[in-house]
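**Q**
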Amino acid sequence: MNTILHKAATRGHANHGWLDSHHTFSFANYHNPERMNFGILRVLNDDTVAAGMGFGTHPHDNMEIISIPLEGDLEHKDSMGNTTTIKQGDIQVMSAGTGVFHSEYNKNKDKEVRFLQIWLFPKKKNVTPRYDQITLTHSDTKNKLYQILSPNAEDEGVWIHQDAWFHLGTFEKGISDTYKIKKEGNGVYVFVLEGEIIINNESLSKRDGYGIWDVNSFDFTTQTDNTKLLLMEVPMKL
């Protein structure tokens, strides 16, 4: 078993006024050679966008991009003709493939929007760009890990061009669960959205990240009510 702990306070931080962003891995002006990625998980940004502000139209290619809104309404427009609004409970995915342009704006003029921006390296390059989103309900994730992403279009959640599985869960205090690795050679990056948990006698709090690999399964126990977790299983080899 191998593990790595990234406490919330050790993340990179950039405040541009309209955008307040915390970077788990190197991004933009934050560069840490020891924090470049976790396997094929390249970007995990915890973004807060000011009222009425946002990211202007910009390009992406050969990246699987997942957005998970935590609060507020985020408007998305892209060169594939999609114009949508995502909010808490939604999961958005975009396979950039051969290239796509998109913009993201806080649709509201009176409150912030908070969301996770996640980038994964794809399993194959230069695929046809695609977009998808789903909506969860609270009951989907209550006291259990609910699959929100996989490599398979027929499975629960959105799908991407990578052997990755994401799960979300919202737990009461004192709940124990086991996560079993779906594919040999994969690792899991656990990101605590709210609350506290214990994994391998390690205590994790809000916005802490914990990577674990070279293991078949692991257990965790929640320490607070309304503990919210995001588990990202990804290949460890680029």
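Numbering (this note's numbering), first residue to last: 968 to 1205.
Glycine included, C-beta positions come from ideal geometry on N, C-alpha and C.
This structure is a prediction, so every number in the text was calculated from the model and none was measured.
Given a threshold of 16 other Cβ atoms within 10 Å of its Cβ, counted over all protein chains shown, does Gly1066 qualify as buried or as exposed?
**A** It counts as exposed.
**Q** I'd like the span of the alpha helix (DSSP H) that includes His1027, first residue to last.
**A** From DSSP, His1027 is part of no alpha helix (DSSP H) but of the beta strand (DSSP E) over Gly1021 to His1027.
**Q** Within this structure, are the beta carbons of Ala981 and Arg1174 separated by less than 8 angstroms?
**A** Contact: no.
**Q** Can you give the beta carbon distance from Leu972 to Tyr1177, rounded, assuming they're within the 8 angstroms contact cut?
**A** Their Cβ separation, rounded to whole angstroms, is 6 angstroms, which keeps Leu972 and Tyr1177 in contact under 8 angstroms.
**Q** Assign Leu1205 to buried or exposed, taking buried as 16 or more other Cβ atoms, counted over all protein chains shown, within 10 Å of its Cβ.
**A** Label assigned to Leu1205: exposed.
**Q** Quick check: the Cα distance between Phe1082 and Trp985, rounded to an integer number of angstroms?
**A** The alpha-carbon atoms of Phe1082 and Trp985 are separated by roughly 14 angstroms.
**Q** Just checking my contact of Leu1041 with Glu1071 at CB under 8 angstroms: how many whole Å lie between their CB atoms?
**A** The Cβ separation is near 6 angstroms, so the contact holds.
**Q** Counting along the chain, where does the beta strand (DSSP E) carrying His1105 start and finish?
**A** It is not in any beta strand (DSSP E) - His1105 instead sits in the alpha helix (DSSP H) that spans His1105 to Thr1108.
**Q** Give me the residue from Phe992, Leu1037, Glu1031 and Glu1001 with the minimum Cα distance to Trp1126.
**A** Trp1126 has its Cα closest to that of Glu1031, out of Phe992, Leu1037, Glu1031 and Glu1001.
**Q** Once you ignore the five residues that flank Gly1006 on each side, which residues in its own chain have a CB closer than 6 angstroms to its CB?
**A** Only Gly1154, Val1201, Pro1202 and Met1203 meet the Cβ criterion.
**Q** Comparing alpha-carbon positions, which option in Asn1093, Ile1164, Leu1011 and Thr1191 lies nearest Phe1185?
**A** Comparing Cα positions, the closest option is Ile1164.
**Q** Between the Cα of Ser1143 and the Cα atoms of Ile1166, Gln1055, Ile1179 and His990, which residue gives the shortest distance?
**A** Checking every option, the nearest Cα to that of Ser1143 belongs to Ile1166.
**Q** Pull the bridge partners of Glu1038 from the DSSP assignment, please.
**A** Answer by DSSP bridge pairing, in chain order: Arg1081.
**Q** Since Ala1063 and Asn1029 are thought to touch, with beta carbons under 8 angstroms apart, how far apart are those beta carbons, to the nearest angstrom?
**A** The pair is a contact, with the Cβ atoms about 6 angstroms apart (cut-off 8 angstroms).
**Q** Determine whether the beta carbon atoms of Phe992 and Thr1024 lie at a separation below 8 angstroms.
**A** Result no, Cβ atoms of Phe992 and Thr1024 do not sit closer than 8 angstroms.
**Q** Between the beta-carbon of Val1060 and the beta-carbon of Ile1033, is there less than 8 angstroms?
**A** Result yes, Cβ atoms of Val1060 and Ile1033 sit closer than 8 angstroms.
**Q** With distances taken between CB atoms, is the gap from His1043 to Pro1089 smaller than 8 angstroms?
**A** No, they are not a contact pair.
**Q** May I have the straight-line CA-CA distance separating Asn1183 from Gly1021, to the nearest angstrom?
**A** Each residue's alpha carbon lies about 41 angstroms from the other.
**Q** To the nearest angstrom, report how far apart Gln1100 and Ala1120 are at their CA atoms.
**A** Using only the alpha carbons, I get a separation of about 12 angstroms.
**Q** With 8 angstroms as the threshold, decide whether the Cβ of Thr1188 is near any Cβ in chain C.
**A** Checking the listed chains, one finds no chain C in this structure; it contains a single protein chain.
**Q** How is Ala981 classed by DSSP in three states: helix, strand or coil?
**A** Strand, per DSSP.
**Q** Rounding to the nearest angstrom, what Cα-Cα distance links Lys1150 and Met1047 in this structure?
**A** If I take the Cα positions, the gap works out to 32 angstroms.
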